[in-house]
Structures are given as C-alpha cells and as structure tokens.
Amino acid sequence: MDLTREWLRGVTRVGFVPGVRARARAALQELLDELIAAVRAEPFDPAAGDRIGAELVDLRMSAPPVIGMTVRLLTDGLPPLVEGDPAEVRRRVTLLLEHVTTGFVAAQRDAAVQAAEQMNRSEKIHWRRVQTELQRRLIEDPVTGLPNQQQLRQLLAAPTGGRRGLCLLGIDRYPELADSLGQDNADQLLTAVAARLRQLTGVFLAHLGDDEFGLLLDDTTGTDDVVKVADQARRALAAPFPLGDHSLRLEVTAGVVEGRNPGEHWLRDARLALGWARQGRHEHAVYEPARAEADRRRHRLAAALPSAVDSGEFVAYYQPLYRLTDRAVTGVEALARWQRPGGGPPLGPPDFITLAERTGLIRPLGRFILERACRQGAAWLRAGRDLTISVNLSPLQLSEPTLPADVADILHRAGLPAGRLQLEITESAALDQGYATLQQLAELGVRLALDDFGTGYSSLATLSWLPVSNVKLAAEFLAGAGAPAATEMLRHTIALCHALNLTVTAEGIETAGQEELLRDLGCDYGQGYHFARPAAAPFAS
Ligand code: C2E
Ligand code: CA
Ligand code: CA
1051 MDLTREWLRG VTRVGFVPGV RARARAALQE LLDELIAAVR AEPFDPAAGD
1101 RIGAELVDLR MSAPPVIGMT VRLLTDGLPP LVEGDPAEVR RRVTLLLEHV
1151 TTGFVAAQRD AAVQAAEQMN RSEKIHWRRV QTELQRRLIE DPVTGLPNQQ
1201 QLRQLLAAPT GGRRGLCLLG IDRYPELADS LGQDNADQLL TAVAARLRQL
1251 TGVFLAHLGD DEFGLLLDDT TGTDDVVKVA DQARRALAAP FPLGDHSLRL
1301 EVTAGVVEGR NPGEHWLRDA RLALGWARQG RHEHAVYEPA RAEADRRRHR
1351 LAAALPSAVD SGEFVAYYQP LYRLTDRAVT GVEALARWQR PGGGPPLGPP
1401 DFITLAERTG LIRPLGRFIL ERACRQGAAW LRAGRDLTIS VNLSPLQLSE
1451 PTLPADVADI LHRAGLPAGR LQLEITESAA LDQGYATLQQ LAELGVRLAL
1501 DDFGTGYSSL ATLSWLPVSN VKLAAEFLAG AGAPAATEML RHTIALCHAL
1551 NLTVTAEGIE TAGQEELLRD LGCDYGQGYH FARPAAAPFA S
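Take a look at the structure:
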C-alpha cells in the first residue's frame, strides 16, 4: 500500500488539508523520505523527528486527530520501508515518532502564541483543548490509555534510592495474531488485556506498544518479588478473551530486571531477558549482566566472522598423535584457531564453529583448514617427516556431493599423497550424510576416522559397515577410567574395534596414569595435553 496516499486519505478523513491534493501528497512524500533517511542515519539521532513534527504544523495539518492518525500510520507503515534488523528499525521508529510529536507540539505552541492576539475566546478554548489532547498523547498509549514507554522511561530514570524491579510482559506471537484479527479486534484485545492488568495492585503499569506491557515495582527485596508479579499477570491473563463470537487464549512471557540502580537501560535489559525466556521456552527469564555480555560478544563475533574467513584471520594449529607402544609421533590433527586482529590469544572452535555451521561459513573455513593442513603435511613430508594429517570435517561439508572431487583436487595441488590424509567425521554426520560420499573418499585412498566415539548415540553396529579405518575415543570415555566398570568398557570397545580391523586413538589423555592404562588395554594411539597441546606448526617444515 502506498503510504503517502494512505496518509493523505487518513488526514483528509479526520481533518482539513489545505491546497491541492497533489501538492499535499508531494509534501507528505518529502516528509516520509526525511523520516526514512532519519531512521537509516548512522549515528541514529531521534531528534531529527522534532523538525519533521514542526513541518507538519507548517503544512497546517494541525487537528489533534491528524497527528494521532499520522503517528499511528507511520508506526505500522514506516518500518517495512526501511531495510535492516526489524527490531532495531522498530526501536528507531518509536523513538523518532516520539520526537515528531514533541516537535509538533512545540511548533504548535509557537504558532498558537503568535495567533493568540488575533484570537477570540472560543478559538482560545479550542487551542487549549488541542494542546491538552496532544500532551496526553505524548504520555499515553493511544489504544489503552495506559502510560506509555516514554513515561516508564522517565520513572526509571528518576532515582528512588531503593531497590526496584521491572517485569516486561510480552504477548507471544502477537504480530501473527494481530494480522489475523485485524486492527480493530487487535485493539479491542489489547484494551481487554490492559483492563485485566490494571487489577494488579502495587505496580506501575505501562503499555509500551503492541504486545508489550511494563510493570514497575518499588522497594523490592529480590528478583522473586518481580517473578511473583509476572506469575500474577500470567494468571490474570489466563482466562480466554471473548472476541466477537469466539474467544481467544493468550500466552505471555516475561523478562525481569531487579536491582538497585535502575535507568532507562532497564527496558533494553528486560527485553533481552524476554528474548532469553522465549528462546528457552520458559515463562520468564531474569536479566544477567554476564549473559548479556556473552550475547554481545557472540554478536560481535558473528558480525566479524564472514570477513574473517576471507581476510585470512584463521590459522591451523596442530596437535601431535602418539603411537602408544613407542611414543613416536605418527600424525597431527589440524585444529582451527581464529586470530583476531589487534593481538590477544587466538579464539578456539567453541567460539566460532557452531556459528560457522549455522551460517554455512564452515564450508569456506573447512576448505581453508584442509588446504592449509595438506600443504603443511606435504612440506613436512619433503623435510623427511612422514605424518598422517588429520582434518575435521563438518556435517555440512560431508553433505556436499563435490567433496570427494574437491579433496582430490586439494591433495593434488598440495602434493600430499591421499594415504597421508585422515578425515575425521562424527558418527551422526556419517549416518545422516550417507554412505556414498564416504565410500568415494575411501576409494581415493584417504583414511577416515570416526571422531568423538562414545558420545551421542554411538552404536558399535555402525562401526562394522562404515568405511572407516580409525576410531577416536572421546575424552569423556577416559573420564571414569580407573573405575573397574569403566575400564572394562574401554577394554571391550578397544578389542571390538580391533576385531573389526580398526585402529583406536584415545583423545584427551591428560595424565601419565591414563597413558599407561590405555597402553595396557591395547589402545594404538594417544593424543592429549599430557603429550602436547595444539600449537602453531610445532615442527620445523
Ligand atoms: P575434536 O575433533 O574432538 O578435537 C579435539 C579437541 O580436544 C581440541 O579442541 C583439542 O584442543 C582438545 N584437546 C586435546 N587434548 C586435550 C586434553 O588433554 N584435554 C582436553 N580437555 N582437551 C584436549 P579444540 O581445538 O577446541 O576443538 C574443538 C572441536 O572443534 C574439535 O573437537 C572439532 O570437533 C572442532 N574443530 C576444530 N577444528 C575444526 C575444523 O577445522 N573444522 C571443523 N569442522 N571442526 C573443527
Ligand atoms: Ca577431531
Ligand atoms: Ca574428537
């Protein structure tokens, strides 16, 4: 829908628009462009809305319903016109529109003062009504008449000295709900929700827009007080809401902040906690600074990851694998590390592998490590060090039909014989991604190892038909080793692998006792901090 046409229709319906329609439309289009530019601007400055509000007065669109209509229309119509993170766009639009109304009121006041001299008594009364109405709109939600976000912010910013708590209540799946109900029914629903929440005593209730309500408590003694209010609110909203000839059940989720130094940032904190609760499918979640910091860090890393793969910030570390009978180094495992610019220790896979898998970046990253490791292996081979180079494969890589051809190509260009490369895959990946790719890799002469055996739903049966030649026992397998039952498990697993013609590597060996035990049990290879930690190219090439 063309927003300016809708806008013009809206304002002419509720008030007088001077001039030719086409000219009015052009003026509105200009204002709309300014608003869009203001939402996009970096850094974002909501004060741009003040001038736009004043321009509305200049356009003589001055009846209070006009500004109400305008704000309403823009709240819904503006966000879809701006690209970017929808939550951030919404936040900006909300702030901007607050300034549009402020600017509007200020400009009107100026205009009113100028006009006052020529005004008769009844006109003066009209203007006073206009102003009260506008001021009310600045602090009240237009649908429910409850205090709005702006007012809650002001309260949060005003120090009380004591502890306070904020419960941010969100109606689950509200956007879909509002879509299917239509605007009038949705407004009716919000009004009914507000009426029930008004029954709660001892809290300051605000309507922050659409699906969000804020409940502010004074003199709390801990988060429990706020959680209790969240539960009361949920109970108050539990009964179905009659709507026309049917009724509707709502589900709500709460984000909770409690403590001594509230501020406007509490709104953001509570919103974050609300997000956590929804993610974890909990009824509520309490804001924790450490978790918020971890979130921020993850977001920063997520934003930096795409270009990091391209700009070569990743390196392969290598951890040696030892033959247990004579402690000879027979191979290395390549492990990805992220060396972020600006120094500091490199980041390990827990910080980026899941992220890379979710975004598909594991493909270029995995390929990069594979190429690096093959070239390093070839260099060692030329220098007289004959090592098996192990590289981890993600399930996503394994699902690529071109993988065998890619691997053959990489080996060829690096000059590494296929038999010197071992690809490590997890059992679930092997089971999900099918046998054909593994078979083709095995036919190239590449060795395959089953990684992390003993975690997840490992089953000895799969070992008998997968084309693997090595099993890597997960470090967890060693955890209980020493206790008789765990030792027997290990002994039998190793024996079974041998019966199937598979060699066995134990991971995560951290003590001499573990090394000795595994040697006694007939385990072939070992890897772990007890021998060596992963490091950048540990042997001269
Ligand atoms: P993994 O394949 O099981 O690799 C072994 C992990 O155990 C490595 O962690 C290694 O540093 C760690 N480790 C080695 N010895 C010991 C020990 O004695 N005690 C303990 N506690 N840990 C030990 P890292 O480097 O953090 O890698 C974690 C996982 O990330 C790897 O587990 C692997 O699944 C994945 N990964 C690493 N590099 C790549 C890669 O290039 N591609 C893919 N797809 N995954 C990778
Ligand atoms: Ca591995
Ligand atoms: Ca492993």
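Add 1050 to the 1-based position in the sequence shown for my numbering, that's all there is to it. Where is the CB? At the ideal position from N, CA and C, for every residue including glycine.
| Check | Outcome |
| --- | --- |
| If contacts are defined as beta-carbon pairs under 8 angstroms, then L1145 and W1057 qualify, I think. What distance do you get, rounded to the angstrom? | 20 angstroms between Cβ atoms; not a contact. |
| Report yes if the CB atom of A1304 is closer than 8 angstroms to the CB atom of A1280, and no otherwise. | yes |
| Tell whether a beta-carbon distance below 8 angstroms holds between I1412 and Q1369. | no |
| Just checking, does the stretch 1336 to 1345 make contact with the stretch 1377 to 1390 on the three C-beta pairs under 8 angstroms criterion? | no |
| Can you grab the Cα-Cα spacing for the pair A1097 / Q1158, in whole Å? | 17 angstroms |
| Would you identify the three-state DSSP class for Q1329, choosing helix, strand or coil? | helix |
| Can you tell me whether T1152 is buried or exposed? The criterion is at least 16 other CB atoms within 10 Å of its CB, across all chains shown. | buried |
| Using the beta-carbon count (16 or more within 10 Å), is T1251 buried or exposed? | exposed |
| Is A1587 near ligand 1, going by C-beta to nearest heavy atom under 7 angstroms? | no |
| Starting from F1364 and walking both ways along the beta strand (DSSP E), at which residues does that stretch end? | 1364 to 1373 |
| With 16 other CB atoms within 10 Å as the buried threshold, where does H1332 fall? | exposed |
| Looking at L1622: is its Cβ nearer than 8 angstroms to the Cβ of T1125? | No answer is possible for residue 1622: it lies beyond the span of the chain, which begins at 1051 and ends at 1591. |
| Identify whether A1592 lies in helix, strand or coil by the three-state DSSP scheme. | Outside the shown range of the chain, which is 1051 to 1591, sits residue 1592, and nothing can be said about it. |
| Just the Cα atoms here: how many angstroms apart are T1487 and I1475? | 12 angstroms |
| Identify every residue that forms a DSSP beta bridge with R1214. | D1268, G1309 |
| Can you name the start and end residues of the alpha helix (DSSP H) that T1537 belongs to? | 1534 to 1549 |
| In chain order, what residues of the same chain have a beta carbon less than 8 angstroms from the beta carbon of A1464, not counting five sequence neighbours either side? | E1421, C1424, R1425, G1427, A1428 |
| Skipping 5 residues on each side, what residues in its chain have a beta carbon closer than 7 angstroms to that of S1591? | Because S1591 carries a pLDDT of 41, less than 50, the predicted location of this residue cannot be relied on, and no value is offered for it. |
| Is any heavy atom in ligand 1 found nearer than 7 angstroms to the beta carbon of G1398? | yes |
| In chain order, what residues of the same chain lie with their CB nearer than 6 angstroms to the CB of G1264, ignoring the 5 residues before and after it? | L1202, L1218, A1256, L1258 |
| In whole angstroms, give me the CA-to-CA distance for V1457 and L1466. | 11 angstroms |
| Quick one: residues with CB closer than 6 angstroms to any heavy atom of ligand 2, in chain order, please. | E1383, N1442, E1474, D1501 |
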